[in-house]
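Numbering (our numbering), first residue to last: 1 to 338.
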């Protein structure tokens, strides 16, 4: 079996140079040398032995995507299409650099330590952390990490975020502009300094701009999955005073639409609804869902780029990247009033 050492000897370069070509780190390699090494790799059908790489260099080929939000209603976070698209972006970019991706839900600090010890992770990408005891464990674990959608203010943190408050403001404003005043806010359970709290702030900001008083009774929190959304939709169907709904995730909006239909309430004729994410569910709900667009695939790829830079010990120009949002109008909102 051909090894990196064999290829390096034939070309007359170091093993590191061949490894850089294998893993597409070619910024300092001439096109001629790259073509020569690639030709030998293809001729010999060379496949990198990641286990050997780990043992020889004490360098792991595995990056963990760690979820800390544990669902108690079944299905887990992988049931949300947003997470699938987002993690696909990470996997695509990390695979191009020769890394494997492991997806894991971790409940507490002990679970985090067990994962790191068992798998010798090179780095970790975390979804939606808060400044708490678990985060302190992350900081002290001793390997590179990148946060996604986290509102932890610290100059040493690498984070990919979103215009969460702006997106919620745009969604609520769209409903208000269409004459709605009793607008339900539906979301996962709200935690201080988290994504959902920022979206609640955007909802409140839009209400204030239109002179509408915020009403706590119009805020509905539950597990974020389709079944819970259906249950909530059935309940909202019995509240005729609510004419519109802002759902902080498309998966929740899809469930609400199904629940409303179960109790004979039509969308948008009787209730309008706006979601958040713009994943494939928006195209298959009936009616098709008006929503706030975010680029989940790009978010994943940017997270991977940050992780790769950390693993390569390179300086990154920006430790915090905030992605934009926009409204995508479809068929789930109706104008009421004059």
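Beta carbons are placed, not taken as given, at the ideal position from N, Cα and C, and that holds for glycine.
* To do: Using three-state DSSP, classify residue 132 as helix, strand or coil.
  => Position 132 of the chain shown holds residue 132. Coil at residue 132, not helix or strand.
* Within 10 angstroms of its Cβ, does residue 225 collect 16 or more other Cβ (buried), or is it exposed? -> Start at 1 with the first residue of the chain shown, and residue 225 comes out as number 225. Classification for residue 225: buried.
* **Start-to-end residues for the beta strand (DSSP E) that takes in residue 402** => Summary: the structure shown does not reach residue 402, with the chain confined to residues 1 through 338, and so no result is reported for it.
* Asked: What span of residues does the alpha helix (DSSP H) with residue 60 cover, start to end?
  -> Counted from its first residue, the chain shown places residue 60 at position 60. Residue 60 -> no alpha helix (DSSP H), and no H or E assigned at all.
* Would you kindly report the start and end of the unbroken beta strand (DSSP E) that includes residue 109? => As a working mapping, residue 109 is identified with position 109 in the chain shown. From DSSP, residue 109 is part of no beta strand (DSSP E) but of the alpha helix (DSSP H) over 109-119.
* Mind checking whether residue 63 and residue 37 have CB atoms under 8 Å apart? -> Stepping through the chain shown from its first residue, residue 63 is reached at position 63. Stepping through the chain shown from its first residue, residue 37 is reached at position 37. No; because the gap between Cβ atoms is not below 8 Å, this pair is not in contact.
* Neighbourhood of residue 8 by C-beta, 8 Å cutoff - its chain only, sequence neighbours within 5 removed -> By one-based count along the chain shown, residue 8 stands at place 8. Excluding residues within five positions, the ones whose Cβ falls inside 8 Å are 14, 15, 17 and 18.
* Asked: Rounded to a whole number of angstroms, what is the C-alpha to C-alpha distance between residue 303 and residue 87?
  -> Here residue 303 refers to the residue found at position 303 of the chain shown. Here residue 87 refers to the residue found at position 87 of the chain shown. Taking the straight line joining both Cα atoms gives about 10 Å.
* Taking only the alpha-carbon atoms, compute the straight-line gap between residue 219 and residue 163 and give it to the nearest angstrom. => Taking the chain shown and counting its residues from 1, the one referred to as residue 219 is at position 219. Taking the chain shown and counting its residues from 1, the one referred to as residue 163 is at position 163. If you take the alpha carbons of residue 219 and residue 163, they lie about 21 Å apart.
* Does any residue of chain C bring its CB to less than 8 Å from the CB of residue 241? -> Although the question refers to chain C, the structure presented lacks it and comprises just one protein chain.
* Evaluate contact between the region 172-186 and the region 204-215, counting only Cβ atoms and requiring at least three cross-stretch pairs below 8 Å. => yes
* To do: Could you tell me whether the Cβ atoms of residue 81 and residue 279 are closer together than 8 Å?
  => Looking up residue 81 in the chain shown gives position 81. Looking up residue 279 in the chain shown gives position 279. Yes, the Cβ-Cβ distance between residue 81 and residue 279 is below 8 Å.
* To do: For residue 322, collect the residues of the same chain with a Cβ closer than 7 Å to its Cβ; drop the 5 residues on either side in sequence, then sort them by chain order.
  => Taking the first residue of the chain shown as 1, we reach residue 322 at position 322. Counting only Cβ-Cβ distances below 7 Å, and skipping sequence neighbours, we find 161, 162 and 163.
* In or out: residue 229 buried (at least 16 other Cβ within 10 Å) or exposed? -> Within the chain shown, residue 229 is the residue found at index 229, counting from 1. The residue in question, residue 229, is buried, as its Cβ has 16 or more Cβ neighbours within 10 Å.
* Can you tell me whether DSSP reads residue 106 as helix, strand or coil? -> On the chain shown, position 106 is the one that residue 106 refers to. Residue 106: coil per DSSP, three-state reduction.
* Mapping DSSP to helix, strand and coil, what is residue 195? -> Along the chain shown, one-based indexing puts residue 195 at 195. In the structure shown, residue 195 sits in a helix (DSSP, three-state: H, G or I).
* **Assigned exposure category for residue 246 - 16 Cβ within 10 Å defines buried** => Position 246 of the chain shown, counting from 1, holds the residue named residue 246. Residue 246 comes out buried.
* Asked: Who pairs with residue 126 in a beta bridge, going by DSSP?
  -> By 1-based counting over the chain shown, the position of residue 126 is 126. DSSP lists 66 and 147 as partners of residue 126.
* To do: Can you tell me which of 213, 179, 168 and 215 puts its alpha carbon nearest to the alpha carbon of residue 196?
  => As a working mapping, residue 196 is identified with position 196 in the chain shown. Among 213, 179, 168 and 215, the Cα nearest to that of residue 196 is on 168.
* Asked: Where residue 123 and residue 95 are concerned, what is the direct C-alpha to C-alpha distance, given to the nearest angstrom?
  -> Against the chain shown, residue 123 aligns to sequence position 123. Against the chain shown, residue 95 aligns to sequence position 95. Residue 123 and residue 95: Cα-Cα distance of roughly 14 Å.
* Asked: By Cβ distance below 7 Å, which residues in the same chain neighbour residue 241 in space, the five residues on each side in sequence not counted?
  -> Looking up residue 241 in the chain shown gives position 241. Closer than 7 Å at the Cβ level, and outside the excluded window around residue 241, lie 182.
* **Neighbourhood of residue 275 by C-beta, 6 Å cutoff - its chain only, sequence neighbours within 5 removed** => Translated into positions along the chain shown, residue 275 becomes position 275. So the qualifying residues of the chain are 247, 250, 253, 289 and 291.
* To do: Given a cut-off of 8 Å, decide if residue 106 and residue 66 are closer than it, judged by their beta-carbon atoms.
  => Taking the first residue of the chain shown as 1, we reach residue 66 at position 66. Taking the first residue of the chain shown as 1, we reach residue 106 at position 106. For residue 66 and residue 106, yes; Cβs fall inside 8 Å.
* Asked: Could you give the residue range of the beta strand (DSSP E) that holds residue 290?
  -> As a working mapping, residue 290 is identified with position 290 in the chain shown. Taken as a continuous stretch (DSSP letters only), the beta strand (DSSP E) holding residue 290 covers 290-293.
* Asked: How long is the line joining the alpha carbons of residue 331 and residue 259, rounded to whole angstroms?
  -> Within the chain shown, the letter at position 331 stands for residue 331. Within the chain shown, the letter at position 259 stands for residue 259. If you take the alpha carbons of residue 331 and residue 259, they lie about 18 Å apart.
* Pick from 146, 11, 10 and 42 that is closest to residue 309, judged by C-alpha positions -> Here residue 309 refers to the residue found at position 309 of the chain shown. The shortest C-alpha separation from residue 309 is found at 146.
* Asked: In whole angstroms, what separates the C-alpha of residue 156 from that of residue 120?
  -> Within the chain shown, numbered from 1, the residue matching residue 156 stands at position 156. Within the chain shown, numbered from 1, the residue matching residue 120 stands at position 120. Each residue's alpha carbon lies about 23 Å from the other.
* To do: Sort 263, 177 and 137 by Cα distance to residue 231 and report the nearest one.
  => Looking up residue 231 in the chain shown gives position 231. When only C-alpha atoms are compared, the closest one is 263.
* If we ignore side chains and look at the alpha-carbon of each, how far apart do residue 342 and residue 111 end up? -> Since the first and last residues shown for the chain are 1 and 338, residue 342 lies out of range.
* **Proximity to residue 270 [Cα-Cα], best of 239, 284, 282 and 148** => As a position in the chain shown, residue 270 is number 270, starting the count at 1. Measuring from the Cα of residue 270, the nearest candidate turns out to be 239.
* Between which two residues does the beta strand (DSSP E) harbouring residue 326 extend? -> Taking the chain shown and counting its residues from 1, the one referred to as residue 326 is at position 326. Element bounds for residue 326: 326-328.
* Taking residue 152 and residue 134 to be in contact with their CB atoms under 8 Å, please state how far apart those CB atoms are, rounded to whole angstroms. => Position 152 of the chain shown, counting from 1, holds the residue named residue 152. Position 134 of the chain shown, counting from 1, holds the residue named residue 134. In fact, because the Cβ distance is near 11 Å, the residues do not count as touching under 8 Å.
* Asked: If you check the beta carbons only, do residue 41 and residue 300 fall under 8 Å apart?
  -> Counted from its first residue, the chain shown places residue 41 at position 41. Counted from its first residue, the chain shown places residue 300 at position 300. The answer is no: Cβ separation not under 8 Å.
* Asked: Three-state secondary structure (DSSP) at residue 79?
  -> Within the chain shown, residue 79 is the residue found at index 79, counting from 1. In the structure shown, residue 79 sits in a helix (DSSP, three-state: H, G or I).
* **residue 4 - containing alpha helix (DSSP H), residue span** => Along the chain shown, read from residue 1 onward, the residue named residue 4 stands at position 4. Where residue 4 is concerned, the enclosing alpha helix (DSSP H) stretches over 4-11.
* Identity of the residue in 141, 35 and 128 nearest residue 117 by Cα -> Taking the chain shown and counting its residues from 1, one reaches residue 117 at position 117. Comparing Cα-Cα distances from residue 117 to each of 141, 35 and 128, the minimum goes to 141.
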